[in-house]
Every structure is written in C-alpha cells, then in structure tokens.
C-alpha cells in the first residue's frame, strides 16, 4: 500500500485515512492524530453505529433448501439450477409417432376441418395395434 | 438476470491476473464445494448475512434484499465450476477471492434490481436493531437513534461512494477487495471512502447530530 510521487494532496490524505481505518477496523486504532478531526470522529461513529442485518432464519433455511436441491441436480445444467427454462434444441429428424390420447386428439382435432377429416379417416382405417384396440373398446363402451 | 450477473464476473481481464491461490482464505471451502456441490452450504452460511446486509444497504428493502441474496447464491452455486482463485499479494492475509467474486455477483444482481425498482415507489425501511436489554432502555433508545442517523446519512451517498463506505465499514472488507468488487484501483477506493466520510460528516453536522455533540 503505497502512494506514488505524483499523488495529490487529496490522495495522500485519503491514504492516511485508509491506514487509520485499517487499524480502527482491527479494533486497535493508531495514527488518529494524523487524521482530520471530523473525518476521524465520523469514521469512529460509522464503525460503531452502522447496523448490520441478518435475514430471517426462515429465509436462510428456505434458501439453503433451494441450494441443496440445486446442488443435487445435474452439474452441467446451470440453467436448470437457477430456474431458466431449458433451451430447445432443433432436431431435423422426423417427429416420432406419439401414442394417441383419445380425449386430447378429439378435442383439439374437432376445432378444425382438417382435424375432423383426419378423425373420420382414422375411424375408417383402424390400426391393428393392441393399444388402438383398447382405445376403440373404450370408445365403444362410452357410446353404448 | 442471474446469468448476466455471472457473465460480468468472468470477464477476460480478470482471468489475466496472476494465479496466487495460496493466500486465499476460503480455498478449502471452495474446493470442497467444487468436489461436492452439497458442501456449498458452508460458504453460503458463512456469507449469507454479509451479502444480505450489503443488499439491504443498497436496496433499502428487506424483501428486495432477500430476493437479491437468493439470486446471488444461486448464481454463485451455478457458476462455481468456472470460478478461479486469484488472490494477490497486495490483498493481504485473510483475503478471499471467493468473497470478492460473490460480492461482484451481488453487485450485478443488485444493479439489475435497482433498475427494476425505479419503476415503482421506493419502500421505506428503518434499521431493525437488536432487542434492547430491559434494564437499559434509555441507552437502547439513544443507540437506535444514532444508528438510524448514520444509516440515513450513508444512504444519501451516491453510487460507488456509498458502496465503498458500506463495504468498508459494514462488511469490513479491505481496500483492495473493494477495488476488485467495484472495478476500481486501490487509490480510487481510498479517495471514494475519504470523500464519503467527509460527506457524511457534513450531513451529520447539518442535521444537528455532528461529532461535537457526542462523547
């Protein structure tokens, strides 16, 4: 901690004050005589009077739990840790054929002519899979 | 917001500093947390009140300070694999580059928060002091009044002058640590603090609570 030869008076004074603060914060004040009275008294007062704050214990524990959950997650996914949605990755491969969920498909498909045509075509060309047979059985039971 | 806070703390010029990790106060805790993120809890418990206090002084609202504190630690945990110890000899014994890094994240988070806060009215906050001993109520009242006066005087300082005074007198960080947090030279921090002290002295004198009236 040094002051160069080009230092101005203000910088030298600031340097002297800083040295005093160093000792003051170490609870062994020295060099008080070198510091202007109003600066020294104000420094003494701020050290003594400025309040410290502590968050509520509930907040501390809640945040500790959030951090523990985040720490238990995958290491290479910081976005997930801090609550950002994952960035979608573009995939040019053809979309896989998803299982048909009857209620959802009928509800959304009924909103468009294309959807209605699709449902009509689907009824005329029932797939042979076991899931499809089960779905048709459920539909027949509902309409019966 | 948290990502931008992290990005600002991992700038290339910081990476160019000499690597002198042997001085770092928190080295063991940081290494333990790197090996097992669950052990980040020790660093969190050590610094949560420091970060929260800094946030309260900057934001002047307990709820905003809690939010800023949470974002700071979540960002620190997420960014810990990229953190590098860079203690310098001039930082002195007991320096912690983790603490500097953490406060830089906090500063960025708080700055974002302050920008958001300008769009709504500022919430008033009085410092909540420790409960007084029942047999010393008069001293407690005096202590509360002097603390509130000091709190308000520091709150009237502007920008980095206020931050430097708070980090020096409340968080009790060294001048080089404050310089690293604020991105200023040691000399500039000393001048900031000196001018801050003079401004607070004038403020206290104007409000009739100057040094001449105190023991």
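Chains as they are written, first to last, in our numbering: chain F, 31 to 174; chain B, 1414 to 1628. We put the beta carbon where it would ideally sit given N, CA and C, even for glycine.
- Considering only 1471(B), 1489(B), 1484(B) and 1461(B), the residue with the shortest C-alpha distance to residue 86(F) is 1461(B).
- Residue 69(F) is not a Cβ neighbour of residue 1603(B), given a cutoff of 8 Å.
- At a cut-off of 8 Å between beta carbons, residue 1511(B) makes no contact with chain F.
- At a cut-off of 8 Å between beta carbons, residue 81(F) contacts chain B.
- The three-state reading of DSSP puts residue 1476(B) in helix, counting H, G and I together.
- Under the three-pair Cβ rule at 8 Å, the region 1555 to 1572 of chain B does not count as touching the region 1453 to 1469 of chain B.
- 8 Å or more divides the Cβ of residue 54(F) from the Cβ of residue 79(F).
- Sequence-ordered contacts of the region 66 to 78 of chain F with chain B read 66, 67, 68, 69, 70, 71, 72, 73, 74, 75, 76, 77 and 78 [C-beta pairs closer than 9 Å].
- Not a single unbroken stretch of the beta strand (DSSP E) spanning 3 or more residues falls wholly within the region 1556 to 1607 of chain B.
- Only residues of its own chain outside the window of five on either side were considered, and among them 1452, 1455, 1456, 1459 and 1511 have a CB closer than 8 Å to the CB of residue 1442(B), listed in chain order.
- For residue 61(F), the closest Cβ of chain B is not nearer than 8 Å.
- One thing to note: residue 93(F) has its Cβ within 8 Å of the Cβ of residue 1486(B).
- Rounded to whole angstroms, the Cβ separation of residue 1590(B) and residue 1527(B) is 22 Å, and the two are not in contact under 8 Å.
- Take residue 1608(B), set aside five residues on each side of it, and the residues of its chain with a beta-carbon closer than 7 Å to its own are 1574, in chain order.
- Under the 8 Å criterion on CB atoms, residue 47(F) is classed as interfacial with respect to chain B.
- In the structure shown, the three-state DSSP call for residue 1511(B) is helix.
- For residue 1449(B), no alpha helix (DSSP H) encloses it, and the DSSP letter there is neither H nor E.
- Under the DSSP assignment, residue 68(F) falls in the alpha helix (DSSP H) whose first and last residues are 67 to 79.
- Interface with chain F (8 Å Cβ-Cβ cutoff): residue 1564(B) is included.
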